[in-house]
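Peer 1: Mind having a look at this structure? Questions to follow.
Residue numbers (my numbering): 190 to 444.
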């Protein structure tokens, strides 16, 4: 008596199925016996090779560029997401900025630490240059009308961080008058730092204006924009101005 492949003759002269998974496992991972044969299956993260017995790693990173926010690293049986310097992994695929100003930095005592997306910058705690003197946090005033003729009486220094290639238009910063007087009229303009037409200063009210980014900025980059507020009263023939120097630190990535 002869049996088909996958069967053997038993003591009762019947054809009995051979369990190929017993003894020397023909499969690299998992073996499942079926009537007259067997099938191999691979563990998660692997797929059957052409010989239907061996298992080869699946490159999950090749499936899509959206597997990870920054970089996908294939590993045997799976993958992990990696983040660039200055970021830490949040969950399994997202990258979160590390605030190095909190975790440790090399700024000097006379410098302030400013965290941006992907790093830090050190800026002087006293940004004032002659003939200006420091009169408050980030505020410089010129106290000699003779020396300061033609100069803004005060300059305020501000800093902000944005990610690279941020969608536009985007409202990014509001400038507002700190003092309000009757019959005073304020106008606002971008005095410098807008040579590429990346910004537009939209007047919101008599005492405030919104800086709108009209073109995406690519980092890493530092962009300094001077925003001017001119205050005048035509009845009293009064005119004065103040300057806000805004430093925009653009991170190297879009997150």
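We treat Cβ as the ideally placed atom computed from N, Cα and C, and that holds for glycine. Small disclaimer: the values here were computed from a predicted structure and weren't measured.
The alpha helix (DSSP H) with residue 324 in it runs from where to where?
Peer 2: Run containing residue 324: none in the alpha helix (DSSP H); it sits in the beta strand (DSSP E), 321–325.
Peer 1: Would you mind sorting residue 223 into buried or exposed? The rule is 16 or more other CB atoms within 10 Å of its CB.
Peer 2: Exposed, by the Cβ-count rule.
Peer 1: Decide if the stretch 408–426 is in contact with the stretch 371–379; the criterion is three or more beta carbon pairs, one per stretch, under 8 Å apart.
Peer 2: Yes: at least three Cβ pairs fall under 8 Å.
Peer 1: What did DSSP end up calling residue 274 once you bin it into helix, strand or coil?
Peer 2: Note: residue 274 maps to coil in three-state DSSP.
Peer 1: Just to confirm my understanding: we take residue 363, look at its own chain, exclude 5 residues before and 5 after, and list those with CB closer than 8 Å. What are they?
Peer 2: Around residue 363: 393, 397, 398, 399, 400.
Peer 1: Nearest CA to the CA of residue 302: which residue from 444, 204, 438, 442?
Peer 2: The shortest C-alpha separation from residue 302 is found at 438.
Peer 1: Could you spell out the range, first to last residue, of the alpha helix (DSSP H) harbouring residue 291?
Peer 2: Segment 289–292, the alpha helix (DSSP H) holding residue 291.
Peer 1: Does residue 366 come out as helix, strand or coil in the three-state DSSP assignment?
Peer 2: Coil.
Peer 1: Taking three-plus beta-carbon pairs below 8 Å as touching, is the stretch 407–416 in contact with the stretch 319–339?
Peer 2: The stretch 407–416 is not in contact with the stretch 319–339.
Peer 1: Considering only residues of the same chain and omitting the five flanking positions on each side of residue 342, which have a CB-CB separation below 8 Å?
Peer 2: These residues qualify, in order along the chain: 330, 331, 429, 430, 431.
Peer 1: Out of 292, 380, 390, 217, which has the shortest C-alpha to C-alpha gap to residue 276?
Peer 2: Answer by Cα proximity: 292.
Peer 1: In three-state DSSP terms, what is residue 331?
Peer 2: Here residue 331 sits in strand by DSSP.
Peer 1: Could you tell me how far apart the beta carbons of residue 348 and residue 321 are, in whole angstroms, since I believe they sit closer than 8 Å?
Peer 2: Not quite, the Cβ-Cβ distance comes to about 18 Å (not below 8 Å), so this is no contact.
Peer 1: Distance check for residue 257 and residue 367, CA to CA, integer angstroms please.
Peer 2: Cα to Cα, residue 367 sits roughly 45 Å from residue 257.
Peer 1: For residue 251, which of helix, strand or coil comes out of DSSP?
Peer 2: In this structure, residue 251 counts as helix in the three-state DSSP scheme.
Peer 1: Assign residue 259 to one of three DSSP states: helix, strand, or coil.
Peer 2: Of the three classes helix, strand and coil, the one that applies to residue 259 here is coil, per DSSP.
Peer 1: Just to check my reading of the structure: residue 232 and residue 218 have Cβ atoms closer than 8 Å, yes? What is that Cβ distance to the nearest angstrom?
Peer 2: Going by Cβ atoms, the distance from residue 232 to residue 218 rounds to 5 Å, so yes, they are a contact pair.
Peer 1: Compute the Euclidean distance between the alpha carbons of residue 353 and residue 243, then round it to the nearest angstrom.
Peer 2: In a straight line, the C-alpha of residue 353 is about 45 Å away from that of residue 243.
Peer 1: For residue 252, does the count of other Cβ atoms within 10 angstroms reach 16, so buried, or fall short, so exposed?
Peer 2: By the 10 Å Cβ count, residue 252 comes out exposed.
Peer 1: Going straight from the alpha carbon of residue 359 to that of residue 443, what length do you get?
Peer 2: Rounded to the nearest angstrom, the two C-alpha atoms are 14 Å apart.
Peer 1: Since residue 361 sits in a beta bridge, which residues does DSSP pair it with?
Peer 2: According to DSSP, residue 361 bridges with nothing at all.
Peer 1: Out of 255, 230, 381, state which residue places its alpha-carbon closest to the alpha-carbon of residue 245.
Peer 2: Cα-wise, what sits closest to residue 245 is 230.
Peer 1: If we ignore side chains and look at the alpha-carbon of each, how far apart do residue 407 and residue 361 end up?
Peer 2: For residue 407 and residue 361, the distance between alpha carbons rounds to 15 Å.
Peer 1: By the three-class DSSP mapping on this structure, what secondary structure does residue 236 have?
Peer 2: Residue 236: strand per DSSP, three-state reduction.
Peer 1: So residue 387 is in the beta strand (DSSP E); what residue range does that whole segment cover?
Peer 2: Run containing residue 387: none; DSSP gives neither H nor E here.
Peer 1: What is the DSSP secondary structure of residue 308, counted as helix, strand or coil?
Peer 2: If DSSP states are grouped into helix, strand and coil, residue 308 belongs with the strands.
Peer 1: For residue 316, which of helix, strand or coil comes out of DSSP?
Peer 2: Residue 316 falls in the coil class under three-state DSSP.
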